[in-house]
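Protein sequence lines correspond, in order, to chains A and B.
Going by the numbering used here, the first residue of the first sequence is number 1, and it counts up by one from there.
Going by the numbering used here, the first residue of the second sequence is number 1, and it counts up by one from there.
Number of protein chains: 2
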Amino acid sequence: MRDFKWSDTEKKIARAAYDTALQKELTAIMAKFKELAVAVNSPGDMWDIEHYLQNARKDIDAKYVYRYSRLLALLSQLVLENLIKREDLQKLAQDKLEIIDSLLEKHRNYLSEDDE
Amino acid sequence: MRDFKWSDTEKKIARAAYDTALQKELTAIMAKFKELAVAVNSPGDMWDIEHYLQNARKDIDAKYVYRYSRLLALLSQLVLENLIKREDLQKLAQDKLEIIDSLLEKHRNYLSEDDE
Numbered sequence: 001m002r003d004f005k006w007s008d009t010e011k012k013i014a015r016a017a018y019d020t021a022l023q024k025e026l027t028a029i030m031a032k033f034k035e036l037a038v039a040v041n042s043p044g045d046m047w048d049i050e051h052y053l054q055n056a057r058k059d060i061d062a063k064y065v066y067r068y069s070r071l072l073a074l075l076s077q078l079v080l081e082n083l084i085k086r087e088d089l090q091k092l093a094q095d096k097l098e099i100i101d102s103l104l105e106k107h108r109n110y111l112s113e114d115d116e
Numbered sequence: 001m002r003d004f005k006w007s008d009t010e011k012k013i014a015r016a017a018y019d020t021a022l023q024k025e026l027t028a029i030m031a032k033f034k035e036l037a038v039a040v041n042s043p044g045d046m047w048d049i050e051h052y053l054q055n056a057r058k059d060i061d062a063k064y065v066y067r068y069s070r071l072l073a074l075l076s077q078l079v080l081e082n083l084i085k086r087e088d089l090q091k092l093a094q095d096k097l098e099i100i101d102s103l104l105e106k107h108r109n110y111l112s113e114d115d116e
């Protein structure tokens with residue numbers, strides 16, 4: 001992906017979207033964790049939770065890398081996963097929105113091919 | 001430590017003591033886990049629990065190795081940690097009890113030196 005200039009406004013928009021999505025995911029992981037923890041009945045259940053937390057943490061760490069060279073791909077992914085809305089990104093410059101929209105479209109086409 | 005013969009009765013005694021202690025430790029870890037889990041308020045608290053579980057599991061795995069060559073040392077340790085009672089081992093043969101008692105004494109002397 002080519003090298004974009006990010007204005008201060010754009011950086012704020014991207015950062016807010018990133019933070020919103022991360023917060024949503026962490027909240028969901030915490031809710032799931034609490035649900036699992038209450039149901040723990042044996043040491044095995046407890047080690048399953050250790051495993052769940054370890055995987056969740058690794059997934060989050062791998063996904064939420066805030067790097068400008070990766071940001072358009074990540075923002076597109078977050079829209080696809082319904083963690084943010086496409087409208088949240090509306091004030092990014094046109095060149096970036098075009099990339100995002102083309103990634104969204106590519107992915108949706110790919111998904112609809114899967115359905116056939 | 002020299003190679004002992006373990007009669008079937010002795011094996012049963014050792015195994016029961018080992019299982020009792022392991023069960024007590026796991027129960028305590030589960031109780032602590034439940035207490036921590038209820039108090040989780042942030043992702044950081046949750047990753048602390050992951051860390052707690054990981055350490056607890058590694059400690060248990062390293063400690064509870066059921067190997068006859070290590071058993072007298074382990075049983076002595078479990079008595080010292082009040083996880084089993086010296087009386088639970090009373091029906092082991094005299095040669096084994098002597099080793100256990102000498103390990104207990106050595107350790108208690110060491111602890112009392114520490115106090116001075």
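For each residue, glycine too, the CB sits at the ideal point set by N, CA and C.
Note that this is a predicted model, so its numbers are computed, not measured.
Measuring alpha carbon to alpha carbon, tell me which residue in the options is nearest residue i.
i: A/LEU26; options: B/GLU25, B/ASP45 and B/ILE60; result: B/ASP45
i: B/LEU104; options: B/TYR66, B/ILE29 and B/ALA73; result: B/ALA73
i: B/THR9; options: B/LYS34, B/LEU80 and B/LEU92; result: B/LEU92
i: A/ARG57; options: B/GLU50, B/ARG57 and B/ASN55; result: B/GLU50
i: A/ALA17; options: A/LEU71, A/ARG70, A/ILE84 and A/PHE33; result: A/ILE84
i: A/LYS11; options: A/TRP47, A/GLN94, A/LEU71 and A/MET30; result: A/LEU71
i: A/TYR68; options: A/LYS34, A/LYS32, A/ASP48 and A/LYS96; result: A/LYS96
i: B/ASP48; options: A/GLN94, A/TYR64, A/GLN90 and A/PHE33; result: A/PHE33
What's the C-alpha gap between residue i and residue j?
i: B/ASP101; j: B/SER76; result: 8 Å
i: B/ALA28; j: B/VAL38; result: 16 Å
i: B/TYR66; j: B/LEU36; result: 30 Å
i: A/ALA14; j: A/TRP6; result: 9 Å
i: B/ARG108; j: B/ASP3; result: 25 Å
i: A/GLU81; j: A/ASP59; result: 14 Å
i: B/ILE99; j: B/ALA62; result: 22 Å
i: A/ASP88; j: A/LEU78; result: 11 Å
i: A/ASP19; j: B/LEU111; result: 52 Å
i: A/GLN54; j: B/ALA21; result: 28 Å
i: B/GLN23; j: A/LYS106; result: 55 Å
i: A/VAL40; j: B/MET30; result: 8 Å
i: A/TYR52; j: B/PRO43; result: 14 Å
i: B/GLN94; j: B/ARG86; result: 13 Å
i: A/TYR64; j: B/GLU113; result: 53 Å
Looking at the unbroken alpha helix (DSSP H) that takes in residue i, where does it start and where does it end?
i: A/LEU89; result: From DSSP, A/LEU89 is part of no alpha helix (DSSP H); its letter is neither H nor E.
i: B/VAL79; result: 68-80
i: A/TRP47; result: 43-63
i: A/VAL38; result: 8-38
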